[in-house]
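Q: Protein chains in written order, with my numbering: chain A, 769 to 1767; chain B, 102 to 201.
1. Count the other C-beta atoms from every protein chain shown that fall within 10 angstroms of the C-beta of residue 843 (chain A), then say buried if there are 16 or more, exposed otherwise.
2. By Cβ distance below 6 Å, which residues in the same chain neighbour residue 1433 (chain A) in space, the five residues on each side in sequence not counted?
3. For residue 1536 (chain A), which of A:1613, A:849, A:1064 has the nearest alpha-carbon?
4. Of the choices A:1287, A:1544, A:1362, whose alpha-carbon is the least far from that of residue 1336 (chain A)?
5. Which residue from A:1349, A:1153, A:1241 puts its Cα closest to that of residue 1204 (chain A)?
6. For a contact defined as C-beta to C-beta under 9 Å, what are the partners of residue 1378 (chain A) on chain B?
7. Assuming contact is defined by CB atoms lying nearer than 9 Å, are residue 978 (chain A) and residue 1084 (chain A) in contact in what I supplied?
8. Going by Cα to Cα distance, which pick from A:1499, A:996, A:1464, A:1498 is closest to residue 1485 (chain A)?
9. Exposed or buried, what is residue 939 (chain A) when buried is set at 16 or more other beta-carbons lying within 10 Å of its beta-carbon?
10. If we ignore side chains and look at the alpha-carbon of each, how far apart do residue 1189 (chain A) and residue 1315 (chain A) end up?
11. Please go through the same chain and pick out, in chain order, the residues whose beta-carbon is closer than 6 Å to the beta-carbon of residue 202 (chain B), but skip the five residues on each side of it.
12. Establish whether the CB of residue 200 (chain B) and some CB of chain A are separated by less than 9 Å.
13. Tell me which same chain residues have a C-beta within less than 7 Å of the C-beta of residue 201 (chain B), skipping the five on either side of it?
14. So for residue 1230 (chain A), helix, strand or coil by DSSP?
15. What span of residues does the beta strand (DSSP E) with residue 1770 (chain A) cover, start to end?
16. Within a Cβ cutoff of 6 Å, which residues of the same chain sit near residue 1291 (chain A), ignoring the five residues on either side of it in sequence?
17. For a quick check, are the C-beta atoms of residue 1470 (chain A) and residue 1503 (chain A) less than 9 Å apart?
18. Less than 9 Å between the C-beta atoms of residue 1137 (chain A) and residue 1118 (chain A), yes or no?
19. Using 9 Å as the threshold, is the C-beta distance between residue 1226 (chain A) and residue 1209 (chain A) below it?
20. Reducing DSSP to helix, strand and coil, say where residue 941 (chain A) ends up.
21. Given a cut-off of 9 Å, decide if residue 774 (chain A) and residue 814 (chain A) are closer than it, judged by their beta-carbon atoms.
22. For residue 1418 (chain A), which residues in the same chain have their Cβ closer than 6 Å to its Cβ, ignoring the five residues on either side in sequence?
23. Compare the C-alpha of residue 1132 (chain A) against each of A:1109, A:1149, A:990, A:1115 and name the closest.
24. Buried or exposed: residue 1618 (chain A), going by 16 or more other Cβ atoms within 10 Å of its Cβ?
25. Indicate whether at least one CB of chain B lies closer than 9 Å to the CB of residue 1217 (chain A).
26. Would you call the CB atoms of residue 1550 (chain A) and residue 1601 (chain A) closer than 9 Å?
27. Please report the distance separating the alpha-carbon of residue 1644 (chain A) from that of residue 1358 (chain A).
28. Which residues of the stretch 1719-1751 of chain A have a Cβ closer than 8 Å to any Cβ of chain B? Give them in chain order.
29. Is there a Cβ from chain A that is less than 9 Å from the Cβ of residue 159 (chain B)?
30. Roughly how many angstroms separate the alpha carbons of residue 1325 (chain A) and residue 957 (chain A), rounded to a whole number?
31. Using a Cβ cut-off of 9 Å (strictly closer), state whether residue 106 (chain B) contacts chain A.
32. Report the neighbours of residue 143 (chain B) on chain A: residues whose CB is nearer than 8 Å to its CB, in chain order.
33. State yes or no: is the beta carbon of residue 221 (chain B) nearer than 9 Å to at least one beta carbon in chain A?
34. Specify the secondary structure class of residue 851 (chain A) as computed by DSSP and reduced to three states.
35. Can you list the beta strand (DSSP E) stretches of 3 or more residues lying completely in the stretch 1100-1127 of chain A, in chain order?
36. Starting from residue 958 (chain A), trace the alpha helix (DSSP H) both ways and give me its first and last residue.
Shown next, in the form of structure tokens:
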């Protein structure tokens, strides 16, 4: 037991010691402590260094608004977190915490030299300093800034924890389980409405936890709290969640809740997620978030030991910790007086209460003096002393035009209170308006945009009685709005601590205000002087003041600094605060881990992986895989000792010389059926379909209405009214969406039905001169001879006993078949063909070989050789346009002036002068490699491979006026050399006559 | 995440089930070949992009898969109504109580 821990006080468990370390030093706290309260119990106030000046800092608050006590916490590899707020992190056995932003140690930090040179680092320092010379930016300024930027150390290992997410629906969501929230939840739940009550701390109760002396309905606060929680817990329609922060309030009462599940546990269950994101759709929301205490701005208000008075009260009552033996109180609000009384009662000897107000309720002064506390009304604090811990306070009487002669008062802590700011962050997320209350000098909720009720201190009410009644009213209103019936309850409260206060800008001083370090934003080291400087240098909008000074941009997002900054900016501008306005509050309310947002979308479940029925076979046969859209596709099948190049070359040779087998199941497939199917196809695709016979296939080209190529694929007509449409692997959903769009909204009169059948068919491609010989014995009910079933035929038949759609098609330039069987038979058919193919040396090939073979034939891949700006003419596909058709999607655009202008990029072939050189896909092409940069870029390489069949490299490229450049030599500048290549008008490199298709 | 009423399913459902599909009530011309380049350009690219009530198309893509129309207030990001494809554009003043 340290001298700062008070026996029998607080809600901590005095029988359960908890061991932890801070900067390697061992400490002991109690179960129920936060890291901050445990350190304070050990007399440790110095918990961090500020961002810019590296000033020593102590804990200021007892909640999520903490700007200073940010630490690194760790529980092993992949479980390090920077910027953990010591005020929120619950103590757990074995917790390792380290201070941040200091070197070599927290007590002695070399970076604090910045503090001595503070005059160099005023507001706008970055904007003014790192201006010139231009050349210094990359090599000097940026590295220096990056090195100095950021608090804490970003972990480099992957996060070892798991995260979860849930949706929930409730009639009433109550945010904040202080007195207002509890009363609201009670009222709403008694109506029978479903209620969720959430609180960001470990325990419900809010301010009641820091005010045990108040009595409610004849019970002491904590007894009333237990009884209330017991009543709520017994109700089946109530869910209470602690350690759960409402981080964002979105449209139509959708609220995001971040729930911390394991950070407080010494040994979390192995399978437990660390955090869970809730997306709650609430019928009614009650915001009972209370108010945030404001610090006071005076010189030296940031020394360790200076903290909010309300925080000291929380440490005392909730954690049984006395923040100091000789605290000095500086306030503009009655609430801090009670902190002084409570500390005196707990055995501390408060040195003084300094109140800026000339007079306060005499009850306060009488009581203060009765317990031996000096009272200085109408006084200002004009300085503090003490390096790593505050030692004294400098106090001056307020006189006309400023502060009078100063006096020094010894102390070991300073408890400040500049009044309270209603916490309206979530309300502001809804774009609810805020109204400036002249009397309270605070923004209060104005016009609402959601079904929301604000209760308690969040709308400027003060005192437990007022807040309870207001909460009960809000809960009642919410229940009624949710269609329930309930009567509001009024609470009998005694020993309530009502009170009031005033709001000030920085405290008056007798010294040079320009020399004062009166901090507004503690973490970002923004002083009152910086804000005045920003205004002097022309910043008029509060948004500009914020960005110029970085006020409110720290991890507490202005919870402490916003109103103080506004008061000073308004004063400097000579305007009223509401005219200057507040900066925008944005989610999340408090810093939230990326893991919580990611939820289950991590590693293997980051996104869905689609696998074909043949995928297990490919895996068993050692395939290398590549992702294509969401699909996992076999890329190549390396044999022992083969690299990718060797494997692909072997696969290419096999397909060209005997037979290759390829899993084409990922191909998008859409069944277009109905009496108007042919009309629909005529309108959608560029090609003519009316005269395509049943049992025949045609290459189909799909444009957008803008005339650019969207998709392509071979389409078979299986009946007068039935088309088997194939699309690119990645385009299937997009094409179906586009077809549905036209069918539903432009041509609803057409009798056509569209069905995605991509996953219903397994597709096996057999390609190569022996393809027919291989499958002929398996085919029943169909003559597949060259004469009966020529290239571009389609038919239904039976293959190896499986009902099949057989296509005589080729994406390789070889004699080829694509066999579609119901997906469940895909693997079995593959195995049969594999067995039978052994005598032909059947070779499985992957997507890389498929790409090489198709490029040798000049077949394009939409999305690789086209990029959404290529017309059919650009791609050399004019032959695919039904010239006689009056209309099809995109036709009109093809005659727009820009689409027929000269200089368009056209798809051509490129042959490097050195046949061994394979160009890089994406490489830029120029006419004159000696042109000064930036060079005129003519286009880029779209496809480039080593062609095993040709024994040289081949490439396709889009080049301005490409076809007119047939034979021209162009240049491809690379980092280490410039490659020369010859343009060939035709992209068909292999078997240009197409004789192999009908071998 | 918005709640959107599908006029076919007649239910308020989360935005996740829907996909936006551009401005509504821009019909594809009966005979595009009759349009001048300027008219065709306007049809293709020119959109109203109002600050206020916007008539737009949505698709209940992860549901009934139907396209439908909606009037949405772009300042508040609130849906004023949704209605089936092919139905007439709703009267703005009736939707906003004449505030527009």
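Backbone N, C-alpha and C fix where the C-beta goes; we use that ideal spot for every residue, glycine too.
A: Reading it off the structure:
1. Within a 10 Å sphere around the beta-carbon of residue 843 (chain A) sit 16 or more other beta-carbons, which makes this residue buried.
2. Excluding sequence neighbours, residue 1433 (chain A) sits near 1380, 1530, 1531.
3. Here the closest residue by C-alpha is A:1613.
4. Residue 1336 (chain A) has its Cα closest to that of A:1287, out of A:1287, A:1544, A:1362.
5. Residue nearest to residue 1204 (chain A) within the set A:1349, A:1153, A:1241 is A:1349 (criterion: CA-CA distance).
6. Under the 9 Å cutoff, chain B gives no residues; its nearest Cβ is about 17 Å from residue 1378 (chain A).
7. Yes; because the gap between Cβ atoms is below 9 Å, this pair is in contact.
8. Minimum Cα distance to residue 1485 (chain A) is reached at A:1464.
9. Under this definition residue 939 (chain A) is a buried residue.
10. If I take the Cα positions, the gap works out to 22 Å.
11. Residue 202 (chain B) is absent from the structure shown; chain B starts at 102 and stops at 201.
12. Reliability fails at residue 200 (chain B), whose pLDDT of 49 lies under 50, so the model's placement of it is uncertain and no value is given.
13. Confidence at residue 201 (chain B) is low in this model, with a pLDDT of 42, below 50, so the placement of that residue is unreliable and no value is reported for it.
14. Correct three-state label for residue 1230 (chain A): coil.
15. Lying outside 769 to 1767, the shown extent of chain A, residue 1770 (chain A) is not represented and no answer is given.
16. Hits under 6 Å: 819, 835, 1322.
17. Yes, the Cβ-Cβ distance between residue 1470 (chain A) and residue 1503 (chain A) is below 9 Å.
18. In this structure, residue 1137 (chain A) lies away from residue 1118 (chain A), with their beta-carbon atoms at least 9 Å apart.
19. Remark: C-beta atoms of residue 1226 (chain A) and residue 1209 (chain A) do not approach each other more closely than 9 Å.
20. When secondary structure is reduced to three states using DSSP, residue 941 (chain A) falls in the strand class.
21. No, they are not a contact pair.
22. Excluding sequence neighbours, residue 1418 (chain A) sits near nothing in its chain.
23. When only C-alpha atoms are compared, the closest one is A:1109.
24. Classification for residue 1618 (chain A): buried.
25. For residue 1217 (chain A), the answer is yes, since a Cβ of chain B falls inside 9 Å of its Cβ.
26. With contacts defined as CB atoms closer than 9 Å, residue 1550 (chain A) and residue 1601 (chain A) fail to qualify as a contacting pair.
27. Near 56 Å, if we compare the C-alpha coordinates of residue 1358 (chain A) and residue 1644 (chain A).
28. Under the 8 Å Cβ criterion, the stretch 1719-1751 of chain A contributes no residue.
29. It does not; no Cβ of chain A falls within 9 Å.
30. If I take the Cα positions, the gap works out to 34 Å.
31. No, no contact with chain A.
32. Ordered by position in chain A, no residue passes the 8 Å Cβ test against residue 143 (chain B), which lies about 12 Å from the chain.
33. What is shown of chain B runs 102 to 201, which leaves residue 221 (chain B) out entirely.
34. In the structure shown, residue 851 (chain A) adopts extended strand secondary structure according to DSSP, grouped into three states.
35. The stretch 1100-1127 of chain A contains these whole beta strand (DSSP E) runs: 1120-1123.
36. Its alpha helix (DSSP H) spans residues 947-958.
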